[in-house]
Amino acid sequence: MILKGKPVASSILDKVKEGVEGLGFQPGLAIVRVGNDPASEIYVGKKLKRASETGINGKEFHLPADSPEKELLSLVDELNQDKGIHGMIVQLPLPAHMRADAVLQRISPEKDVDGLHPENLGRLFSGSPRFVPATPQGIMELLSYYETEIEGRNAVVVGRSSMVGKPVSALLLNANATVEICHSRTKELAAHTHRADVLVVAVGKPRFITEDMVREGATVVDVGINRTEGKLVGDVDFEPLKGKARITPVPGGVGPLTVACLMRNVLMAAQEKK
Ligand code: NDP
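Residues in the sequence shown are numbered from 711 upward in steps of one, following our numbering.
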């Protein structure tokens with residue numbers, strides 16, 4: 711069974727649009743992009759498009775790749791003070807001379823719609839989340855939409871980034887799954903992935919999880935986006951698994967949900983200021 715993200719994303723976006731209409735003012739989303747990473751340019755374009763479709767005022771702030779870090783920090787300070795901006799994103803990755811941690815910590819936690827400020831990540835891990843990073847939030851929405859049992863089930867997450875692996879593990883744990891987190895030092899990865907009722911893969915390696923690593927009937931969420939041979943493929947070998955597991959496609963799986971959940975976070979930020 712193929713778990714498509716589009717219908718889930720559309721229903722979230724419809725609700726965001728409705729929520730924005732009910733606000734009485736237009737929420738503002740600032741997206742800061744540094745340099746010319748082509749993938750970032752595409753992602754920012756998608757975010758701005760969804761923002762405009764849902765009634766959010768999305769604005770891009772673009773700095774040249776060789777800007778000093780302090781210039782980026784002062785832009786973040788300015789946007790923190792700007793009352794017309796309710797949510798702020800600094801698009802990652804940043805150029806190598808900039809410290810992503812320092813920049814993310816500078817964003818006001820009340821405007822941190824990417825949910826990557828330590829305060830928001832801490833709230834998530836303590837079980838009282840505010841802004842949850844959009845991709846993990848989208849994964850949980852997708853699992854719920856396709857009526858996936860989570861409580862008491864074995865969930866295995868491959869990847870431990872702050873943007874995907876760690877927060878999705880926290881959400882699965884909060885939903886009462888038994889969670890294992892695997893990473894590059896995990897030994898005998900297949901022994902872990904085989905135990906998964908729910909397998910979430912966020913590694914960034916094309917077709918890394920092969921058919922023999924997945925149990926029949928498991929639910930597989932493929933977060934990976936890899937550009938190979940001129941097309942996008944996930945971290946999971948989709949073709950042999952689509953008849954054996956419940957699996958998200960790439961593209962068209964988690965991707966659309968990420969942007970939809972980000973818009974929902976912007977609405978939430980604006981509602982808090984109402
Ligand atoms: P990171 O590079 O930050 O993290 C990758 C993780 O994979 C690390 O924890 C790493 O382990 C682990 N890993 C690497 N090699 C192995 C291995 N051989 N065995 C087990 N684990 C391994 O990536 P992200 O989490 O940011 O992104 C992952 C993928 O998801 C990328 O393809 C990215 O493009 C995509 N993505 C998609 C989104 C969407 O909207 N669909 C949103 C965000 C990301 P270690 O920590 O030990 O190094």
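By construction, the Cβ of each residue, glycine as well, lies at the ideal position given by its N, Cα and C atoms.
Note that the structure is predicted; figures quoted are calculated from it, not measured.
Output the residue ranges of the beta strand (DSSP E) runs that lie fully inside the stretch 753-780 and measure 3 residues or longer, sorted by chain position. 767-773
Does any heavy atom of ligand 1 sit closer than 7 Å to the C-beta of Val-874? yes
May I have the straight-line CA-CA distance separating Thr-938 from Met-798, to the nearest angstrom? One C-alpha to the other measures close to 31 Å.
Inspect the beta-carbon positions of Ile-795 and Ala-740 and report whether they are closer than 8 Å. yes
CA-CA distance, Val-930 and Pro-839? If you draw a straight line from the Cα of Val-930 to the Cα of Pro-839, it comes to about 25 Å.
Count the other CB atoms, across all protein chains shown, that sit within 10 Å of the CB of Glu-851; report buried if there are 16 or more and exposed otherwise. buried
Which stretch, first to last residue, makes up the alpha helix (DSSP H) that contains Val-901? The sequence as given places Ala at residue 901; Val does not occur at that position. Its alpha helix (DSSP H) spans residues 899-903.
Span separating the alpha-carbon of Glu-982 from that of Thr-903: 40 Å
Work out the CA separation of Glu-751 and Leu-773 for me, nearest whole Å. In a straight line, the C-alpha of Leu-773 is about 12 Å away from that of Glu-751.
Between the C-alpha atoms of Lys-769 and Glu-926, what's the straight-line distance to the nearest angstrom? Using only the alpha carbons, I get a separation of about 45 Å.
Terminal residues of the continuous beta strand (DSSP E) containing Ala-719? Ala-719 -> not in any beta strand (DSSP E); alpha helix (DSSP H) instead, spanning 716-731.
Coarse secondary structure for Ile-712, derived from DSSP in three states: strand
Taking a contact to mean a Cβ-Cβ separation below 8 Å, would you say Val-913 touches Asp-945 in this structure? yes
In terms of residue numbering, what span does the alpha helix (DSSP H) encompassing Gly-832 cover? 828-835
Residue nearest to Arg-816 in terms of C-alpha spacing, selected from Pro-805, Asn-830 and Ala-806: Asn-830
Kindly indicate the opening and closing residues of the beta strand (DSSP E) around Leu-909. 908-911
Cutoff 8 Å; reference Pro-803; Cβ partners in own chain excluding five residues on either side: Asp-747, Ser-750 and Ala-810
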